[in-house]
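Those protein sequence lines, which keep their order, are chains W and B.
My numbering puts the first sequence at residues 5 to 532.
My numbering puts the second sequence at residues 5 to 532.
Protein chains: 2
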Amino acid sequence: MIDGSMQHFPLTLDRILDHAAKWHGDVEVATAGEGGAIGRVDYAGLHSRARRISHLLAGLGVQTGERVATLAWNSQAHVESWYAIMGMGAVCHTLNPRLTPPQLAWMLAQSGARILIVSADLMPLALKVLDDAPGVARVFVIDGEVASPDFGSAQIAALEPLVAQGNDDFAWGAFEETAPSGLCFTSGSTGAPKGVSYTHRSSFLHTLRLLQADVSGITSADVVMPVVPMFHANAWGLPFAVPAAGAKLVLPGRHLDGASLARLIGAEGVTIAVGVPTVWLGLCDHLDATGTHLPSLKRILVGGASMPPALMERIEKQLGIPVQTSWGMTELSPVGTFGVLSNPERDAAISGRPALGMDLLLMDERGDPLPEQRDVEGRLHVRGAAVIDRYFGQERSATTEDGWFDTGDLARIDRQGNLMITGRAKDLIKSGGEWINPAEIEALVGALPQVSLAAVIGRSDVKWGERPLLLVELREDQEISDAELLASLRGQVASWWIPDAVVRVDAMPRGSTGKIDKLQLRTAYSGN
Amino acid sequence: MIDGSMQHFPLTLDRILDHAAKWHGDVEVATAGEGGAIGRVDYAGLHSRARRISHLLAGLGVQTGERVATLAWNSQAHVESWYAIMGMGAVCHTLNPRLTPPQLAWMLAQSGARILIVSADLMPLALKVLDDAPGVARVFVIDGEVASPDFGSAQIAALEPLVAQGNDDFAWGAFEETAPSGLCFTSGSTGAPKGVSYTHRSSFLHTLRLLQADVSGITSADVVMPVVPMFHANAWGLPFAVPAAGAKLVLPGRHLDGASLARLIGAEGVTIAVGVPTVWLGLCDHLDATGTHLPSLKRILVGGASMPPALMERIEKQLGIPVQTSWGMTELSPVGTFGVLSNPERDAAISGRPALGMDLLLMDERGDPLPEQRDVEGRLHVRGAAVIDRYFGQERSATTEDGWFDTGDLARIDRQGNLMITGRAKDLIKSGGEWINPAEIEALVGALPQVSLAAVIGRSDVKWGERPLLLVELREDQEISDAELLASLRGQVASWWIPDAVVRVDAMPRGSTGKIDKLQLRTAYSGN
Chain W
5 MIDGSMQHFP LTLDRILDHA AKWHGDVEVA TAGEGGAIGR VDYAGLHSRA
55 RRISHLLAGL GVQTGERVAT LAWNSQAHVE SWYAIMGMGA VCHTLNPRLT
105 PPQLAWMLAQ SGARILIVSA DLMPLALKVL DDAPGVARVF VIDGEVASPD
155 FGSAQIAALE PLVAQGNDDF AWGAFEETAP SGLCFTSGST GAPKGVSYTH
205 RSSFLHTLRL LQADVSGITS ADVVMPVVPM FHANAWGLPF AVPAAGAKLV
255 LPGRHLDGAS LARLIGAEGV TIAVGVPTVW LGLCDHLDAT GTHLPSLKRI
305 LVGGASMPPA LMERIEKQLG IPVQTSWGMT ELSPVGTFGV LSNPERDAAI
355 SGRPALGMDL LLMDERGDPL PEQRDVEGRL HVRGAAVIDR YFGQERSATT
405 EDGWFDTGDL ARIDRQGNLM ITGRAKDLIK SGGEWINPAE IEALVGALPQ
455 VSLAAVIGRS DVKWGERPLL LVELREDQEI SDAELLASLR GQVASWWIPD
505 AVVRVDAMPR GSTGKIDKLQ LRTAYSGN
Chain B
5 MIDGSMQHFP LTLDRILDHA AKWHGDVEVA TAGEGGAIGR VDYAGLHSRA
55 RRISHLLAGL GVQTGERVAT LAWNSQAHVE SWYAIMGMGA VCHTLNPRLT
105 PPQLAWMLAQ SGARILIVSA DLMPLALKVL DDAPGVARVF VIDGEVASPD
155 FGSAQIAALE PLVAQGNDDF AWGAFEETAP SGLCFTSGST GAPKGVSYTH
205 RSSFLHTLRL LQADVSGITS ADVVMPVVPM FHANAWGLPF AVPAAGAKLV
255 LPGRHLDGAS LARLIGAEGV TIAVGVPTVW LGLCDHLDAT GTHLPSLKRI
305 LVGGASMPPA LMERIEKQLG IPVQTSWGMT ELSPVGTFGV LSNPERDAAI
355 SGRPALGMDL LLMDERGDPL PEQRDVEGRL HVRGAAVIDR YFGQERSATT
405 EDGWFDTGDL ARIDRQGNLM ITGRAKDLIK SGGEWINPAE IEALVGALPQ
455 VSLAAVIGRS DVKWGERPLL LVELREDQEI SDAELLASLR GQVASWWIPD
505 AVVRVDAMPR GSTGKIDKLQ LRTAYSGN
């Protein structure tokens, strides 16, 4: 006892909103509603309202560690519910409305949530889910009116009147920092979805990583609009990082078209807009068509999918602002690397560098570290304070014995430490005993002006084991022959990488997060 | 076991240098030596050299938790020793060479250090200390030659040859994140010095706080020069934060005059220079006299004492760069608040806002929180992840029951959450039952062009209990009458705050950290 000591300060997420309410109490959270209406609250108000929801949930018997589910868009009410659930030590289980009712019911059965918080316009979906989710006893509706009577054994009520009358005299945070705070199932484009359990500590440390000047660089002078949904890997951690920095938070609700986003950015003075690449295509098209300018916008942060170089160039040219790339996964809370703001070199292929608290290692197919880690391709493994150790409901560790999590991605790291994702390990095609990386072929064909989307899968072949097959979706009113498509690859890849055949599809099948669903393509075209 | 889990990632300081070596391995640490020579190493090299020192110390039987002392300037060799000691789980006890030999010997007896690492030019001081420090068995000399034979029972050897021949095959980090990592005694201008024990966790979280865009905002593109010494509250945490960000570190060694600093800033491309206000006075004078420009410098970060507004204005005008103010204490690891970079309003009186992980509370004299926390003066208390709980060797907590540490400072916090330190509680003068704050009078008199330094202390008074006495040190070749000095206060403070008498001193007594030593002034002039 004589060494002296520093204060015990548990890294729990309730402290983030406590901090925002005390030190940035009059900074706003603005939410886009229907017909251009904007809902507003400040952090002091949001803090009080979130505690009232905790009070309500505690009155319904919600216990520490219990899962409470949400099925909702990015809105003030969703953020309030999220902090209410986590602040009281329960677990916020975010559901993705782009999944099917059976998938959602299965996830609810896994998490055992008794209470479900739903955006009003998602109630038709929720009612279908409830059919197969007998465990759900209470439904609270946010962001709209209650249009349905109670359903089976589930009581349905609007949340807002209960918040308005509620009592915010509720103490947050009487639990360990290693307590679980969130649950998010991966999209599961291969096999059953797997649940990732976030802890207070892991998301708090993720927040501190995000706030570094060379990561998100968010300051109290910023106005941040996360278009990436809260049900998709915590909206990349922004509902934590933005209040933590004392920045204004702008939530787009459900309308993510170019016109809606442009209006919101202009009206609220957004400085940093965050979302998957395709969202910004719609914004650019709208700005082009209307001649609108967005002078407040300082940068666009992209992730969740590879960034098409042409789109990056278009945004940077048209808006005159930098695009910051990133790479992450649900299992990483979700940010792995961020393009480094202070680095003048930008490239759509570079996903940035890891900041303190995140480490990367390239391994070979057998799971041994590559002797040389720079300028070679390997299977990307990660380790860190916000990286999964074990999936929800599983006993087996998700890491190697040395604690490395296999991302399933193929990657290169250059001499400066920049990460480039080069493909998915499971998408590799083995032809004549050698590997073909479909991602490299897709990038080349996808860069053709006539092509909207390209996918390459392996097709069974008696002689070679597998041979690559190219699938393309063309842009509207565009034409290109099979020969021209394949000719674009000559000299760019090894000749035996060039696909044997081309298939045209009207619309690529997509998964719940918007990525091309290769599982569907393989089922239809691989010949297995 | 079914909830799933995130990875265990202990927040230990060895990971910071591991990260820098792996991800910013070719970024340099440059140290100013004698005669303009610059020593250089990169983070990969520094990492290897630090492990060799750990290997050496382990060979001498250094155990986890054991204190190893340093008496050294800011240099590469000191940073290597610091990481070597902390990385192996021992405790780096930094000694301040501005203290007296008996004080240093007393501190060594407290910490029980058996090994002392000393800058060559501090060996004369070290030998005097060894006289009274029989526990020290080994002395390693850095940054120069060994000029002394062994002393008493202490063996004296140069460190460099042992590092050069050393073996870096040493595994760091096999201890808990709550293990102690550092020990620093406060300057103790009142009463005996008290030791602050830092832990790996507290300094790691302090580093993450410092790296926020709205705190130090250090990026991998920066070149940071900490003029503030490592023996003074960890050089404000920069030996951790700079490698963590992958920025270049420039160490000024022992020569802190304006000409030496200007040469180093210019030669090494320093972008952020960090130190107490008076250091920059010398730099400004040198630039003035020589017409030198420092184009690389982007900002100056000050702390450790209140910032004279005239000096701040001079720096900002002469160098054309912002001055970032801060406030901290040894007990806070040491940063409390930082001027917010994204806030366009700057003022020498504003010490900034607390970032996530640090909280402030104003209390009254009885230790009750003030009902209104904004725009009123109170006694500043703090709470956070890098704040002291208990001093070294003491059983009693250093905090209130609610966990708040009393800083001893008087402060105001404005509506925007900006902290202004208004005085020291123990310096307050009680006159006729009412309080007089000397700091306010000192700021007014200190702003006069003729005055170099001003101090106000209480002098015993039969009628009023205490009355204020003004002590001034004038600038060279300047004159001002007592009547003019006191007249400057009329209309600025209450009439009864105006001192009854003025004393001229040739040189204000200073403490070991350069602050005015009021204890000496009181002994000589208070009449008690």
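C-beta: ideal position from N, C-alpha, C; glycine also.
Measure the C-alpha to C-alpha separation of residue i and residue j and round it to an integer number of angstroms.
i, j, result
"residue 533 of chain B", "residue 488 of chain B", "Shown here, chain B extends from 5 to 532; a query on residue 533 of chain B therefore has no answer."
"residue 10 of chain B", "residue 242 of chain W", "19 Å"
"residue 23 of chain W", "residue 485 of chain W", "60 Å"
"residue 389 of chain W", "residue 212 of chain W", "11 Å"
"residue 130 of chain B", "residue 399 of chain B", "31 Å"
"residue 451 of chain B", "residue 381 of chain B", "22 Å"
"residue 104 of chain W", "residue 41 of chain W", "30 Å"
"residue 455 of chain W", "residue 481 of chain W", "11 Å"
"residue 208 of chain B", "residue 471 of chain B", "46 Å"
"residue 179 of chain W", "residue 143 of chain W", "26 Å"
"residue 501 of chain B", "residue 447 of chain B", "13 Å"
"residue 217 of chain W", "residue 304 of chain B", "17 Å"
"residue 376 of chain B", "residue 423 of chain B", "15 Å"
"residue 49 of chain W", "residue 31 of chain W", "10 Å"
"residue 311 of chain B", "residue 17 of chain W", "35 Å"
"residue 332 of chain W", "residue 307 of chain W", "7 Å"
"residue 133 of chain W", "residue 234 of chain W", "20 Å"
"residue 530 of chain W", "residue 406 of chain W", "36 Å"
"residue 391 of chain B", "residue 412 of chain B", "14 Å"
Out of the options, which has the shortest C-alpha to C-alpha gap to residue i?
i, options, result
"residue 101 of chain B", "B:501, B:114, B:116, B:74", "B:74"
"residue 1 of chain W", "W:417, W:44, W:154", "The structure shown does not extend to residue 1 of chain W, since chain W spans only 5 to 532, so no value can be given for it."
"residue 230 of chain W", "W:509, W:291, W:283", "W:283"
"residue 302 of chain B", "B:223, B:399, B:371, B:94", "B:223"
"residue 453 of chain W", "W:478, W:439, W:261", "W:478"
"residue 4 of chain B", "B:359, B:396, B:375, B:376", "Look at the range of chain B in this structure, 5 to 532, and you will see that residue 4 of chain B is not part of it."
"residue 506 of chain B", "B:329, B:246, B:490, B:235", "B:490"
"residue 509 of chain B", "B:157, B:112, B:110, B:525", "B:525"
"residue 176 of chain W", "W:350, W:66, W:58", "W:58"
"residue 497 of chain B", "B:200, B:443, B:271", "B:443"
"residue 66 of chain B", "B:79, B:47, B:90, B:46", "B:90"
Note down, in chain order, every chain B residue with its Cβ under 7 Å from the Cβ of residue i.
i, result
"residue 358 of chain W", "27"
"residue 286 of chain W", "Within 7 Å Cβ-Cβ: nothing; residue 286 of chain W doesn't reach chain B, min ~29 Å."
"residue 20 of chain W", "360"
"residue 382 of chain W", "Under the 7 Å cutoff, chain B gives no residues; its nearest Cβ is about 15 Å from residue 382 of chain W."
"residue 199 of chain W", "8"
Report yes or no: is there a C-beta of chain W within less than 8 Å of the C-beta of residue i?
i, result
"residue 67 of chain B", "no"
"residue 11 of chain B", "yes"
"residue 5 of chain B", "Reliability of the predicted coordinates at residue 5 of chain B is poor, the pLDDT of 47 falling under 50, and the value obtained from them is presented with this limitation in mind. Chain W, which has a Cβ nearer than 8 Å to the Cβ of residue 5 of chain B, makes this yes."
"residue 273 of chain B", "no"
Of all Cβ atoms in chain B, is any one closer than 8 Å to the Cβ of residue i?
i, result
"residue 23 of chain W", "yes"
Check your understanding: Taking any Cβ of chain B, which residues in the segment 237-263 of chain W have a Cβ under 8 Å from it, in chain order?
Key -> 248, 249, 250
Check your understanding: What residues from the segment 342-353 of chain B come within 9 Å of chain W, judged by C-beta to C-beta, listed N to C?
Key -> 344, 345, 346, 347, 348
**Study point:** Interface residues of the segment 201-225 of chain W facing chain B [CB-CB below 7 Å]
**Key:** 201, 202, 203, 206, 212, 215, 216, 217, 218, 221, 222, 223, 224, 225
Practice item. Pull out every residue of the segment 387-405 of chain B whose Cβ sits closer than 8 Å to any Cβ of chain C, in chain order. Key: Note that chain C does not occur in the displayed structure, where the protein chains are W and B.
Exercise for review: Give, in chain order, every residue of the segment 166-190 of chain B whose Cβ lies closer than 9 Å to some Cβ of chain W.
Suggested key: Cβ contacts with chain W: 182, 184, 187.
Check your understanding: Along the segment 406-425 of chain B, what residues have a CB closer than 7 Å to any CB found in chain W?
Key -> Hits within the stretch, in order: 407, 421.
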